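**Q**
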Amino acid sequence: MKYIIVGLGNIGKKRLNFLKKKEVIATVDPYNKDADYKKIDKIDVKSYDSVILSCPDKDKFYYLEKFLALKKNVLVEKPLVFKNSKILKGIFTKFKKKKLILYVAYNHRFEPLIKNVKKIIDRGALGKIYLCEYFYGNGTSLNVKKNLWKSKIKSGVAYDLFPHLLDLHYFLFKKKVIKILSKLNLNIENKYPDYCDYYLNIKPTINLKASYLSWKNKFSIKIVGSKGDLEMDCLSKWGRTQLIFRKRKLPSGIPSEKIIYEKKTNYIFKTEHLYFEKLIKEKLYNQDHSNFFINEVMNKIKII
Ligand SMILES: NC(=O)c1ccc[n+]([C@@H]2O[C@H](COP(=O)([O-])OP(=O)(O)OC[C@H]3O[C@@H](n4cnc5c(N)ncnc54)[C@H](O)[C@@H]3O)[C@@H](O)[C@H]2O)c1
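Have a look at this one:
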């Protein structure tokens, strides 16, 4: 497969690093001097078949239309959200009609322990699900403040990190959102929210928390059910990840616990990339993706 990378920032560079030199025909970025080109027009259209789109969100639609016309598969960095959900549906339909893959990259799905979380839920070991709590925090408050486009996003950290949490929730449960129970947005070091805490009633109730003020990176999932609960902590890019599964003792008492660990790795992006290539090779145009769900929730909670 031959690629071009459009948007050579934080994530574009990460994707470039694990691809082989001969796989990447060119990098494009109007502002980063390390990129090969400022615009895509100068690149020979026949020299590549797929694109990694890791530019600011406001430019994604423009590029998607361009690459659709050029008949290229696209892996676009999360999120891909629009106020008008018809635009989102339209773009997926057009890619499918041209037998091209459009994949929105939510890499946390590929965390090794997420598979175990899903298995525990799917075999009904937690019983009736009561509550799902998701937290995603990093300490990038001041980086965001300096970033030309991230500092202008009015819904702040919720816009940036909630899509990851919603993608995981969709992957685990495939449930509809019903209403917002409460929301708290705090602008502490930034003009727009750098700490957000929302409760949504999706049957079960879900709590989404995201922060740019978490000086030590933190990611956690806690799911409480009638028969037990589970807690997953950390992302494997940061260190050892842990999953605790507890069986409830009735009517009360210390639950029995099983703990699984996975060591730190940086192969998640690579695993996701291989999944993208599999979609292309096997012509899997009907992916069961979370994008319509995420778009619906993001509109409902008014963070687009
Ligand atoms: N999957 C993940 O875990 C993850 C993590 C971080 C960011 N992201 C997503 O990746 C995307 C990029 O985020 P980032 O953190 O790399 O941001 P960034 O600001 O570090 O990088 C964006 C790059 O795009 C370039 N750019 C600006 N306008 C452009 C244009 N018109 N055409 C091409 N390039 C242009 C900028 O010069 C910059 O180098 C965002 O959608 C973000 O949400 C995903």
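Numbering of the sequence shown is given in the numbering used here, commencing with residue 2 and proceeding in unit increments.
Idealized CB from N, CA, C, for every residue including glycine.
What you are looking at is a predicted structure, and each value in this text was computed from that prediction instead of being measured.
By the 10 Å Cβ neighbour count, where 16 or more other Cβ atoms means buried, how is Val46 classified, buried or exposed?
**A** Residue 46 sits at position 45 when you count from the first residue of the sequence shown. Val46 should be labelled exposed.
**Q** Less than 9 Å between the beta carbons of Thr266 and Tyr213, yes or no?
**A** Position 265 of the sequence shown holds residue 266. Position 212 of the sequence shown holds residue 213. No, they are not a contact pair.
**Q** So, do the stretch 173–181 and the stretch 201–209 have three or more beta carbon pairs nearer to each other than 8 Å?
**A** As far as the Cβ criterion goes, the stretch 173–181 touches the stretch 201–209, which means the pair count is three or higher.
**Q** Quick check: the Cα distance between His290 and Ile115, rounded to an integer number of angstroms?
**A** Locating residue 290 in the sequence shown gives position 289, where the first residue counts as 1. Locating residue 115 in the sequence shown gives position 114, where the first residue counts as 1. The alpha-carbon atoms of His290 and Ile115 are separated by roughly 16 Å.
**Q** Taking the alpha carbon of Val7 as the reference point, which residue from Phe19, Leu65 and Thr242 has its own alpha carbon closest?
**A** Taking the first residue of the sequence shown as 1, we reach residue 7 at position 6. It is Leu65.
**Q** Return the first residue and the last residue of the alpha helix (DSSP H) that Pro55 is part of.
**A** Mapped onto the sequence shown, residue 55 falls at position 54. Reading off the sequence, residue 55 comes out as Ser, not Pro. Per DSSP, Ser55 belongs to no alpha helix (DSSP H) and is neither H nor E.
**Q** How big is the Cα-Cα spacing for Glu190 and Lys120?
**A** Numbered from 1 along the sequence shown, position 189 holds the residue referred to as residue 190. Numbered from 1 along the sequence shown, position 119 holds the residue referred to as residue 120. The straight-line gap from Cα to Cα measures roughly 40 Å.
**Q** Measure how close the beta-carbons of Ile1 and Asn74 come, nearest whole angstrom, since I'm counting them as under 8 Å.
**A** There is simply no residue 1 to check, as the chain begins at 2 and stops at 305 in what is shown.
**Q** If you draw a straight line from the alpha carbon of Lys155 to that of Lys192, how long is it in whole angstroms?
**A** For the purposes of this step, residue 155 is identified with residue 154 of the sequence shown, where counting begins at 1. For the purposes of this step, residue 192 is identified with residue 191 of the sequence shown, where counting begins at 1. Taking the straight line joining both Cα atoms gives about 8 Å.
**Q** Starting from the C-beta of Ile222, find all residues in its chain whose C-beta is less than 6 Å away, skip the five residues before and the five after it, and write them out in chain order.
**A** As a first step, residue 222 is located in the sequence shown; it is residue number 221 there, counting from the start. Once the five neighbours on either side are set aside, the close Cβ partners of Ile222 are Tyr135 and Met233.
**Q** Hey, is Lys98 close to ligand 1, as in C-beta under 8 Å from one of its heavy atoms?
**A** Mapped onto the sequence shown, residue 98 falls at position 97. Flag unset: Cβ of Lys98 not near ligand 1.
**Q** Cβ-heavy atom distance between Pro31 and ligand 1 below 8 Å?
**A** The count along the sequence shown starts at 1 and reaches residue 31 at position 30. Yes, ligand 1 has a heavy atom inside 8 Å of this Cβ.
**Q** Taking the Cβ atom as the reference point for each residue, do Ile102 and Ser51 lie within a distance shorter than 9 Å?
**A** The residue labelled residue 102 in the question sits at position 101 within the sequence shown. The residue labelled residue 51 in the question sits at position 50 within the sequence shown. A contact, by the Cβ cut-off of 9 Å.
**Q** Let me check one thing: in DSSP terms, what residues is Arg16 bridge-paired to?
**A** Position 15 of the sequence shown, counted from the start, is the residue given in the question as residue 16. None, per the DSSP bridge assignment.
**Q** Got a sec, what are the start and stop residues for the alpha helix (DSSP H) Ile281 sits in?
**A** Along the sequence shown, read from residue 1 onward, the residue named residue 281 stands at position 280. Unbroken alpha helix (DSSP H) run through Ile281: Ile269 to Lys282.
**Q** Return the residue from the list Phe62, Pro164, Ile302 and Met299 that minimises the CA-CA distance to Lys95.
**A** As a position in the sequence shown, residue 95 is number 94, starting the count at 1. Of the candidates Phe62, Pro164, Ile302 and Met299, the one whose C-alpha sits nearest the C-alpha of Lys95 is Phe62.
**Q** Does the stretch 2–21 come close enough to the stretch 257–276 that 3 or more CB-CB pairs lie under 8 Å?
**A** Cβ pair count under 8 Å is three or more, so yes.
**Q** Please say whether Val105 and Pro80 have beta carbons closer to each other than 9 Å?
**A** Numbered from its first residue, the sequence shown carries residue 80 at position 79. Numbered from its first residue, the sequence shown carries residue 105 at position 104. Yes, the Cβ-Cβ distance between Pro80 and Val105 is below 9 Å.
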